[in-house]
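Numbering (the numbering used here), first residue to last: 252 to 327.
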């Protein structure tokens, strides 16, 4: 079960739109920064295939400017 965390940078002025889009995705938890235009995302996938689908879904969000993985590990 892959668990990963990301820092997401929204397109300027699109932070709330990005948060709304991510919150609609399964297996994603959003933690918005209170003083910066960044969002922390934690994903919890059931399999490697699910993890790949989550990443693809995140990368296809129009209000996302940049996505950087911070940490990742496998839970047995």
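Heads up, the beta-carbon is just placed ideally off N, CA and C, and yes, glycines get one too.
Residue burial annotation: residue 322 is exposed, with fewer than 16 other C-beta atoms found within 10 angstroms of its C-beta.
Rounded to whole angstroms, the Cβ separation of residue 290 and residue 296 is 19 Å, and the two are not in contact under 8 Å. Collapsing the DSSP output to three states places residue 296 in coil. Note: residue 259 is bridge-paired with 290, 318 in the DSSP secondary-structure output.
Here residue 284 is exposed, its C-beta having fewer than 16 other C-beta atoms within 10 Å. Out of 314, 315, 298, the CA that lies nearest to the CA of residue 325 is found in 298. Its Cα nearest to that of residue 281, the residue 259 stands out among 319, 259, 327.
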